[in-house]
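Numbering (full-length UniProt numbering), first residue to last: 1 to 569. Ideal placement from N, C-alpha and C gives every residue a C-beta, glycine not left out. Values in this document were obtained by computation on a predicted structure and should not be read as measured data. Quick notes on the structure that follows.
Have a look at this one:
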């Protein structure tokens, strides 16, 4: 103790130094607070995952696409939104539909002097489906029969298999349609000619029954009857037409010279495989967007891995085809793409001979802007094994987001699946209401959804829907409840319909089955979980009235208790 100076005698605590010490202590305190703040901000930034913009309305998607926010994608198992979901319904294109008054009724002028024997002779002749009188009768009958759709084009009739039958195609859309799309149908008409030569339609067949009128679309072929202007034709050409014959054969390079002059981009490896369809599309559109920015052909793998969340086996399933789920015909017509198998065959044939070079990129942080001056024939982005840095969409994050835009307009849903949607809606005459009823795991989890099971019980549904849907209406129910007989009590008030009621549209005798089998090298294709949910959702969205579970059938929040405000923002 004797050798240690007392605290009161240290130089630093002398009265004349107190002010300096106080400033020093305040500075240290401020620096400590600053360091703690930086640490907190770093932790938040590292763990933050922004909401997935795909699951918001199109206005929010547009805001996202034009923003400079972090582009990190948060995957989900819902049905993916594609380009046509964000197309505004052009009222100019849809306003000019064909009225019954536009169809001039042509009657054969017969004088009193016409003998009954002459008429008798005409009545025995085979029916001429190209006769203007027959054509106008069929158009007039179609417009009067199908009151819930607007007609925009009629094709010229074709002879049916019987002498008194004619097949005719038309382009249409539902009167209360909300999607920016047209539909095509072709049906068989049975026509009677009476003894006095008067024509009448005895019956009109079911959806797509008039197969002789189904023709490959021809841009130069004039329709039988339509009301359009030149400007309107341009608008219509940019819209999906569900029901047309699909040509999704793989594109090929015309010649060695054309291949050697081309510039290509390919993504290889990565952790995107077997993820949700939303994740897949988010990454694929990043690659497609970069290819367009660099003015290169995207070399794409059309073979997908379907995530276990969509499969009946609950296992990831390889070997699925892009064309099962998306409209490849539209993609190849609107963008420059090649299948990777065809590309590598051509590359191996001509790469050495023509001196084609490859530029390898193994870091996603190398931006497309840095690659814009690359002259090599092929740019290959190779992704590693560590997630999430090996996700393709990382290329489009940061500064790239404001430069490379994902080309949503290039990817549409499979027109084969959408044709099933159109067939179901047509069987309901496009005159039905729809209800989305969520049950399953959420109904069993009373901690997060305490009222859902009770609110979606048959008695509760009858009580809730009586003020929303008129008695006797066709009601399409989209639900994850596996036992649809659970909803049988609703049949006392409504004509209820479920997806499995229309299995014939994808069974082994269907167009969908035969066409997908051909795409799959003769191997039958399963109508898998993603296809089911996709069709179910699209039929739901075409109902005249659409009732959702959350906010309309129950007060529970979609994502569990205390999340309603978050979900709606």
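Closest by C-alpha distance to residue i, when choosing among the options
| i | options | result |
| --- | --- | --- |
| residue 174 | 193, 247, 533, 146 | 146 |
| residue 87 | 435, 410, 419 | 410 |
| residue 616 | 527, 337, 176, 244 | Here the chain covers residues 1 to 569 and nothing more, so residue 616 does not appear. |
| residue 555 | 442, 407, 452 | 452 |
| residue 496 | 127, 193, 254, 470 | 470 |
| residue 552 | 241, 520, 435 | 435 |
| residue 418 | 255, 547, 506, 486 | 506 |
| residue 152 | 144, 143, 97, 190 | 97 |
| residue 99 | 143, 83, 81, 136 | 143 |
| residue 475 | 546, 467, 526 | 546 |
| residue 327 | 414, 346, 292 | 414 |
| residue 211 | 165, 255, 252, 240 | 165 |
| residue 240 | 29, 104, 84 | 84 |
| residue 429 | 537, 149, 215, 293 | 149 |
| residue 104 | 362, 37, 136 | 136 |
| residue 176 | 427, 156, 484, 95 | 95 |
Spatial neighbours of residue i in its chain, beta-carbon cut-off 7 Å, leaving aside the 5 residues before and after
| i | result |
| --- | --- |
| residue 570 | The chain is shown only over 1 to 569; residue 570 falls outside these bounds and no answer can be derived. |
| residue 288 | 298, 335, 407, 410 |
| residue 448 | 560, 561 |
| residue 480 | 438, 439, 440 |
| residue 112 | The predicted position of residue 112 is uncertain, since its pLDDT is 42 and thus under 50; a value taken from the coordinates is nonetheless stated next. Closer than 7 Å at Cβ, skipping near neighbours: no residue. |
| residue 525 | 324, 516, 517 |
| residue 512 | 416, 420, 505, 506 |
| residue 487 | 458, 477, 496 |
| residue 445 | none |
| residue 274 | 305, 307, 316 |
Chain C contact for residue i (CB, 9 Å cutoff)
| i | result |
| --- | --- |
| residue 472 | Here there is only one protein chain, and chain C is not present. |
Rounded straight-line distance, which links the Cα of residue j to that of residue i
| i | j | result |
| --- | --- | --- |
| residue 549 | residue 309 | 22 Å |
| residue 295 | residue 284 | 16 Å |
| residue 517 | residue 504 | 16 Å |
| residue 268 | residue 463 | 55 Å |
| residue 533 | residue 339 | 27 Å |
| residue 367 | residue 272 | 19 Å |
| residue 178 | residue 478 | 18 Å |
| residue 510 | residue 159 | 23 Å |
| residue 167 | residue 213 | 5 Å |
| residue 384 | residue 364 | 10 Å |
| residue 346 | residue 337 | 14 Å |
| residue 376 | residue 360 | 10 Å |
| residue 301 | residue 247 | 18 Å |
| residue 253 | residue 521 | 22 Å |
| residue 281 | residue 528 | 18 Å |
| residue 352 | residue 290 | 27 Å |
| residue 431 | residue 250 | 38 Å |
| residue 442 | residue 514 | 37 Å |
| residue 342 | residue 382 | 19 Å |
| residue 292 | residue 209 | 41 Å |
Cβ-based neighbour list, residue i, same chain, cut-off 6 Å, excluding 5 preceding and 5 following
| i | result |
| --- | --- |
| residue 502 | 424 |
| residue 266 | 299, 380 |
| residue 154 | 139, 170, 224, 225 |
| residue 387 | 271 |
| residue 264 | 296, 297, 299, 378 |
| residue 594 | The structure shown does not extend to residue 594, since the chain is modelled only from 1 through 569, so no value can be given for it. |
| residue 493 | 471 |
| residue 540 | 434, 436, 478 |
| residue 563 | 557 |
| residue 571 | Not covered by the structure: residue 571. The range shown for the chain is 1 to 569. |
| residue 455 | 553, 554 |
| residue 256 | 350 |
Own chain partners of residue i with C-beta closer than 8 Å, once the 5 adjacent residues on each side are dropped
| i | result |
| --- | --- |
| residue 530 | 79, 277, 306, 310, 325 |
| residue 163 | 126, 127 |
| residue 303 | 318, 319, 320, 321, 322 |
| residue 422 | 183, 185, 207, 242, 243 |
| residue 519 | 248, 321, 323, 324, 525 |
| residue 523 | 517 |
| residue 203 | 189, 190 |
| residue 473 | 432, 433, 494, 495 |
(message) Report the start-end ranges of each beta strand (DSSP E) in the stretch 462-495 that is 3 residues or longer and not cut off at the edges.
(response) Here the runs fully enclosed are 474-479.
(request) Within the stretch 245-287, note down every full alpha helix (DSSP H) run reaching 4 residues or more, in order along the chain. (result) Taken in chain order, the complete alpha helix (DSSP H) segments of 4 residues or longer contained in the stretch 245-287 are 256-261.
(message) Across the stretch 127-140 and the stretch 195-212, are there enough close Cβ pairs to call them in contact, namely three or more that are closer than 8 Å?
(response) Contact holds: three or more Cβ-Cβ distances are below 8 Å.
(message) Threshold first: 4 residues or longer. Then list the alpha helix (DSSP H) segments lying entirely within the stretch 354-411, N to C.
(response) Along the length of the stretch 354-411, whole alpha helix (DSSP H) runs at least 4 residues long occupy 368-371, reported in chain order.
(message) Within 8 Å, do at least three Cβ pairs link the stretch 307-323 to the stretch 389-402?
(response) They do not touch, by the three-pair rule.
(message) Counting beta carbon pairs with one atom in the stretch 318-333 and one in the stretch 365-380, are three or more of them shorter than 8 Å?
(response) Because the criterion of three Cβ pairs below 8 Å is not met, the stretch 365-380 and the stretch 318-333 do not touch.
(request) Kindly confirm or deny that the stretch 395-411 and the stretch 486-501 touch, where touching means at least three C-beta pairs closer than 8 Å. (result) The answer is no - the stretch 486-501 does not touch the stretch 395-411, with fewer than three Cβ pairs under 8 Å.
(request) Could you pull out every unbroken alpha helix (DSSP H) segment of at least 4 residues lying fully inside the stretch 404-456, listed in chain order? (result) Qualifying alpha helix (DSSP H) stretches, in chain order: 415-427, 440-444, 452-455.
(request) Report the residue ranges of all beta strand (DSSP E) runs contained in full by the stretch 130-213; include only those spanning at least 3 residues, in chain order. (result) Whole beta strand (DSSP E) segments, 3+ residues: 149-154, 165-174, 182-193, 199-204.
(request) Starting from the N-terminal side, write out each stretch of the alpha helix (DSSP H) that is 4 residues or longer and does not extend beyond the stretch 296-342. (result) Restricting attention to alpha helix (DSSP H) runs no shorter than 4 residues, the stretch 296-342 encloses them at 322-325, 328-334, ordered along the chain.
(request) List in chain order: all unbroken alpha helix (DSSP H) runs of 4+ residues lying wholly within the stretch 507-557. (result) For the stretch 507-557, whole alpha helix (DSSP H) runs of length 4 or above, ordered along the chain, are 511-519, 529-541.
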